[in-house]
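The listed protein sequences correspond, in order, to chains U and D.
With our numbering, the residue at position 218 of the first sequence is 218, and numbering never jumps.
Position in the second sequence (first residue = 1) + 1000 = our numbering.
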Amino acid sequence: MTGTRVPKITMWRAIVAVIFAAGWYATYARFALGFSQSTHLTDRQPWGLWVGLGTLCGVGLSAGGFGIAAAVYLLGFERYRPVLRTAVLVSFLGYMSVIAGMMYELGLPWRIWHPIFMWNRHSMLFEVSWCVMLYSTVLSLEFSPALVEKIPWNGLRDWYLKQQHRILIGLVLVGCVLSSLHQSFLGGLYLLTKGKLDPLWYTPYLTTLFYLSAIPAGLAVTVMALYLCVRSLNVKLDTGILSELSRVIAPMIGLYGIFRFVDLSSRGAVSYMFRWREETFSFWLELGLFVVAPLVLLNLEKVHNNPQRLYWTCSLVVMGFMTNRLNVSITGLQASAGIYYVPKWTEFAATLMVLTAVVIAFRYAVIYLDILPKNAASRWMVKEGVA
Amino acid sequence: MERTRAILVDITKCIGCRSCEQACKEIHGFPKETGAKLSPTALTVIEEHGDKYVRRMCMHCQDPACASACLVGALKKTSLGPVTYDGSKCIGCRYCLVACPFSVPRYEWTKLVPYVKKCDMCSARQAKGQPPACVEACPTEASIVGWRDEILEEAQRGVLLDPKYVKHIYGSEEAGGTSVFFISDVPFEKLGLTAAPQQAMPPLSAAALGDVPTVVLVGGSLLAGLYWISERRNQVAAEESRQIK
């Protein structure tokens, strides 16, 4: 190969370019013009898309890493080991995206370090901030060998890998506890909204429900990521593992569904499920996508043994999960706020850019690092110079 | 408990002159224009509901949701009663706006370095023994300030003796009790004073936070136990396969 290569314009590259152009404008609007020019947030809707989608969904959908890590390292389910690095990578990138999103979300982001020194242990958000800091560190350490093993200096590399291996079980254990707390606390943030949040979502068990829903959603993301790797990144993987994962997702969703219904009925909120209100529609959309459809589909042999159908079913789970988080953070608060919040396009643009960056980072990590076993380099890879 | 300060607003006495609004703006150096709602430059406003004038401001809860929400402790319930805000700690997360049961705090959405704005009951003035600027400016004694126990007693006496009053003091139960009270001759719902939960808010999340040590201990040891079992099983299996060879 000689000289400079001009990158070919493909459809995907064009889309990415548009997303980044819009995202950069949104970034400019947020930091040079302020919240009022970059969001539709008001005193009545102080938390919008960046919290609802960026933080609540970002953290929730990153729950796959601790689930798989616990299964492999603590419970000894060796059959999940081939997908361990993928799950940890997705979680790691997810947490990085959450931290990036906070830069947009916080009014004074340069003070993001304040919670390290200024403590308020009565604050749920204080606990959340420490979970983010600590678990991001744990995820970085858990994922680090994939990067370090590419270091050409043998002595340093072997020393680091040996040290990392020594503390690995401890890391996984601490990671499980931190991640579980973090998932629950995000629901706990809304415990203070009693009287504001709609009875379809407000419950003293918000913490439990957030935890129970995050694990199947995180596993669904892992299945989706694995499928995409097999489809387009020339990865060698027995797709039986996807069916295996989905076998775990279904009962977890079932457990969540039962807990949700028991909670609703014990609070006497069942009647709200059938009132003619906008909230009711959002509620059923959430329940249909996250609980009903996946429970039916995942039990069909036709879906179970077909990676592509599994992929689409898992995308339903993810969409249902996102609907739930947006319902808690936005829909359920609209009536009491007396307003109708529709995010500004720049809010979408910033979130989409962060998400796209995650997908691109994931793609290059799978191509250049040993995340999954690979087939021999395919023709397009040689042509593109990635193999 | 130490004695704390409180404000009593008698809606039957308010004539809507907006002296309180203007006094508040003056002491904070805000522009004089009046608006209909609380804003970052209007920490108290007179809302008109029919022929009634209702003064809105921070309720200065006894156990404030905002102070328990604030992760860096920028919001505090001071020993004298006012709930104050320390902008130098704030990171701009706006959880206080989400948490406030009365939806009082305002955010400077138009600024590039935005802070939270809310009434601090003239905390600095009160520490020097002066009344809050708004109370001092009131010509009809619709707003008065005093020790909370005395003010509450006075409100109770007024409500009981005069049949025109609604038999409830808004703020005595709301959000577990506040340091700003309203008495009125029309129902509070008609004055935009919504029914906040009749309980202190912070215990709602404190209950979940209280579970943390248990979750960490039980969950952690459970996981460690499972790890030990699976490790042991592997060891035994390895040993057995060696013996067979």
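C-beta: ideal position from N, C-alpha, C; glycine also.
These numbers were taken from a predicted model, which means no experiment stands behind them.
* Does D/Ala1065 have its Cβ less than 9 Å from a Cβ in chain U? -> For the purposes of this step, residue 1065 of chain D is identified with residue 65 of the second sequence, where counting begins at 1. Yes, its Cβ sits closer than 9 Å to a Cβ of chain U.
* Asked: Is U/Ala387 helix, strand or coil when you go by DSSP?
  -> Taking the first sequence and counting its residues from 1, the one referred to as residue 387 of chain U is at position 387. Low confidence applies here, because U/Ala387 scores a pLDDT of 45, under 50, leaving its location unreliable and the question unanswered by this model.
* **Within chain D, partners of U/Val177 - CB distance below 9 Å** => Here the question's residue 177 of chain U lines up with position 177 in the first sequence. Neighbours of U/Val177 on chain D, chain order: Val1215, Val1216, Gly1219, Gly1220 and Leu1223.
* **Check whether D/Leu1008 and D/Glu1154 have beta carbons under 9 Å apart** => As a first step, residue 1008 of chain D is located in the second sequence; it is residue number 8 there, counting from the start. As a first step, residue 1154 of chain D is located in the second sequence; it is residue number 154 there, counting from the start. Contact: yes.
* Asked: Would the segment 43-50 of chain U and the segment 329-337 of chain U be scored as touching if the rule is three or more Cβ pairs under 8 Å?
  -> yes
* Buried/exposed call for D/Lys1164, threshold 16 Cβ in 10 Å -> Numbered from its first residue, the second sequence carries residue 1164 of chain D at position 164. Flag for D/Lys1164 reads exposed.
* To do: Tell me, please, whether the CB atom of U/Lys8 is closer than 9 Å to any CB atom in chain D?
  => If you number the first sequence from 1, residue 8 of chain U lands on position 8. No, because no Cβ of chain D sits closer than 9 Å to the Cβ of U/Lys8.
* Asked: Between D/Met1121 and D/Gly1081, which are expected to be in contact by the criterion C-beta below 8 Å, what is the C-beta distance as a whole number of angstroms?
  -> For the purposes of this step, residue 1121 of chain D is taken as residue 121 along the second sequence, with counting starting at 1. For the purposes of this step, residue 1081 of chain D is taken as residue 81 along the second sequence, with counting starting at 1. Contact flag correct, Cβ pair sits at about 7 Å.
* To do: For chain U, find out if any of its Cβ atoms is closer than 9 Å to the Cβ of D/Thr1110; answer yes or no.
  => Numbered from its first residue, the second sequence carries residue 1110 of chain D at position 110. So yes, D/Thr1110 belongs to the interface.
* Asked: Helix, strand or coil: which one does DSSP assign to U/Arg166?
  -> Indexing the first sequence from 1 puts residue 166 of chain U at position 166. Of the three classes helix, strand and coil, the one that applies to U/Arg166 here is helix, per DSSP.
* Using DSSP with H/G/I as helix, E/B as strand and the rest coil, what is D/Asp1185? -> Numbered from 1 along the second sequence, position 185 holds the residue referred to as residue 1185 of chain D. If DSSP states are grouped into helix, strand and coil, D/Asp1185 belongs with coil.
* In terms of DSSP beta bridges, what is D/Ile1046 paired with? -> Position 46 of the second sequence, counted from the start, is the residue given in the question as residue 1046 of chain D. Beta-bridge pairing links D/Ile1046 to D/Arg1055.
* With 16 as the cutoff for other CB atoms within 10 Å, does U/Val296 come out buried or exposed? -> By one-based count along the first sequence, residue 296 of chain U stands at place 296. Its Cβ having fewer than 16 others within 10 Å, U/Val296 is exposed.
* Asked: What does D/Thr1084 pair with, by DSSP beta-bridge criteria?
  -> As a working mapping, residue 1084 of chain D is identified with position 84 in the second sequence. Answer is D/Lys1076, bridged to D/Thr1084.
* Which chain U residues are close to D/Tyr1170, counting only those with a beta carbon under 9 Å from its beta carbon? -> In the second sequence, the residue the question calls residue 1170 of chain D occupies position 170. In chain order: nothing, as chain U lies at least about 15 Å away.
* Asked: U/Phe259 versus chain D: which residues are under 8 Å apart at the beta carbon?
  -> If you number the first sequence from 1, residue 259 of chain U lands on position 259. The premise fails here: U/Phe259 is roughly 16 Å from chain D at the closest Cβ pair, so nothing lies under 8 Å.
* Asked: CB-CB under 7 Å to U/Lys196, same chain, minus the five flanking residues each way: which ones, in chain order?
  -> Position 196 of the first sequence, counted from the first residue, corresponds to residue 196 of chain U. Only Leu333 and Ser336 meet the Cβ criterion.
* Using a Cβ-Cβ cut-off of 8 Å (strictly less than) and excluding sequence neighbours within five positions of U/Thr53, which residues of its own chain qualify? -> Position 53 of the first sequence, counted from the start, is the residue given in the question as residue 53 of chain U. Per the sequence shown, residue 53 of chain U should be read as Leu rather than Thr. If we look at U/Leu53 and ignore the five residues flanking it on each side, its Cβ neighbours are Met322, Arg325, Leu326 and Thr351.
* Determine, using beta carbons only, whether D/Lys1052 and D/Ala1067 come nearer to each other than 9 Å. => To locate residue 1052 of chain D, count along the second sequence from 1; it is residue 52. To locate residue 1067 of chain D, count along the second sequence from 1; it is residue 67. Not a contact, by the Cβ cut-off of 9 Å.
* **Three-state secondary structure (DSSP) of D/Ala1023** => As a position in the second sequence, residue 1023 of chain D is number 23, starting the count at 1. Helix at D/Ala1023.
* Have a look at U/Val262 and U/Phe290 and give me their C-alpha separation to the nearest angstrom. => If you number the first sequence from 1, residue 262 of chain U lands on position 262. If you number the first sequence from 1, residue 290 of chain U lands on position 290. U/Val262 and U/Phe290: Cα-Cα distance of roughly 17 Å.
* D/Val1180: buried (16+ other C-beta within 10 angstroms of its C-beta) or exposed? -> Locating residue 1180 of chain D in the second sequence gives position 180, where the first residue counts as 1. With 16 or more Cβ atoms within 10 Å of its Cβ, D/Val1180 is classed as buried.
* To do: Taking only beta carbons into account, state which residues of the segment 51-80 of chain U come closer than 8 Å to chain D, listed in chain order.
  => Ala70, Tyr73, Leu74, Leu75 and Gly76
* Determine contact between the segment 184-194 of chain U and the segment 236-254 of chain U, defined as no fewer than three beta-carbon pairs at a distance below 8 Å. => no
* Pairwise C-alpha distance: D/His1060 and D/Ser1123 -> Walking along the second sequence from the start, residue 1123 of chain D turns up at place 123. Walking along the second sequence from the start, residue 1060 of chain D turns up at place 60. For D/Ser1123 and D/His1060, the distance between alpha carbons rounds to 11 Å.
* Asked: Of the choices U/Thr27, U/Leu209, U/Ser97 and U/Leu372, whose alpha-carbon is the least far from that of U/Asp238?
  -> In the first sequence, the residue the question calls residue 238 of chain U occupies position 238. The shortest C-alpha separation from U/Asp238 is found at U/Leu372.
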